[in-house]
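J.:
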Amino acid sequence: MCLLAPENPYPIYALPPLVRNAIIETQKNTQAPLAMVATSALTAFSSACQNQIDVCRPGNLRGPVNLYSLILADSGERKTTVDKVFMKAFYLRDEALAEEYAKLVENYSTEKEIWEQKQKALESKLHKEIRAGKDCKATESELK
Numbered sequence: 001m002c003l004l005a006p007e008n009p010y011p012i013y014a015l016p017p018l019v020r021n022a023i024i025e026t027q028k029n030t031q032a033p034l035a036m037v038a039t040s041a042l043t044a045f046s047s048a049c050q051n052q053i054d055v056c057r058p059g060n061l062r063g064p065v066n067l068y069s070l071i072l073a074d075s076g077e078r079k080t081t082v083d084k085v086f087m088k089a090f091y092l093r094d095e096a097l098a099e100e101y102a103k104l105v106e107n108y109s110t111e112k113e114i115w116e117q118k119q120k121a122l123e124s125k126l127h128k129e130i131r132a133g134k135d136c137k138a139t140e141s142e143l144k
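Quick note: the sequence shown uses the UniProt record's numbering, first residue 1, plus one each step.
As structure tokens, then:
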């Protein structure tokens with residue numbers, strides 16, 4: 001369902017050659033509507049630039065470059081297929097970060113368990129020292 005009239009085609013030639021060629025190649029490979037491919041590409045490019053480029057706005061405001069887009073298309077018009085082409089690097093990065101995070105959580109859990117066991121042992125040692133009337137300053141400082 002392409003809402004652009006044939007006499008008013010997507011302005012693909014207004015884009016830089018590198019971007020234009022990537023969009024045209026993806027459109028040929030996926031057979032998705034050109035406007036949808038271009039919107040998906042520009043959205044991915046905008047997301048990739050957010051951390052690198054700030055935009056100066058009226059009122060002395062400054063913020064990351066951003067592009068909000070909405071693609072309305074019927075089921076089967078290859079929205080997901082096109083999105084996967086341009087967002088692949090983001091998905092791979094998300095997967096890598098998720099794996100890294102899982103390892104960090106696992107390490108944290110192990111270290112926390114070790115710390116808790118040490119705390120229990122020190123508390124037990126402190127309790128024994130108190131019952132025996134021994135000096136417990138060293139154990140107290142270890143617990144802090």
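Even glycine gets a Cβ: it sits at the ideal position worked out from N, Cα and C. Computed from a prediction, not measured in an experiment: that's the story for all the values here.
#1: Which residues in the same chain as N60 place their Cβ atom closer than 6 Å to its Cβ, once the five residues preceding and following it in sequence are excluded?
#2: According to the neighbour-count rule (16 or more other Cβ atoms, all chains shown, within 10 Å of its Cβ), is F86 buried or exposed?
#3: To the nearest angstrom, report how far apart A32 and I12 are at their CA atoms.
#4: What separation, rounded to the nearest whole angstrom, lies between the Cα atoms of A14 and A73?
#5: Tell me, please, whether the segment 83-98 touches the segment 28-48 by the rule of three or more beta-carbon pairs shorter than 8 Å.
#6: Cα separation between E95 and N21?
#7: Name, in chain order, the residues that DSSP records as bridge partners for L56.
#8: Whose CA, out of R57, V55, P64, L143, lies closest to the CA of Q117?
#9: Answer yes or no: the CB of E111 versus the heavy atoms of the ligand COA, is any distance below 7 Å?
T.: If we stick to the structure as given:
#1: none
#2: buried
#3: 14 Å
#4: 24 Å
#5: yes
#6: 28 Å
#7: A small fix is needed here, since residue 56 is Cys in this sequence, not Leu. The partner list for C56 (beta bridge, DSSP) reads R62.
#8: L143
#9: As presented, the structure is devoid of all ligands, the ligand COA included, so that no description of it is given.
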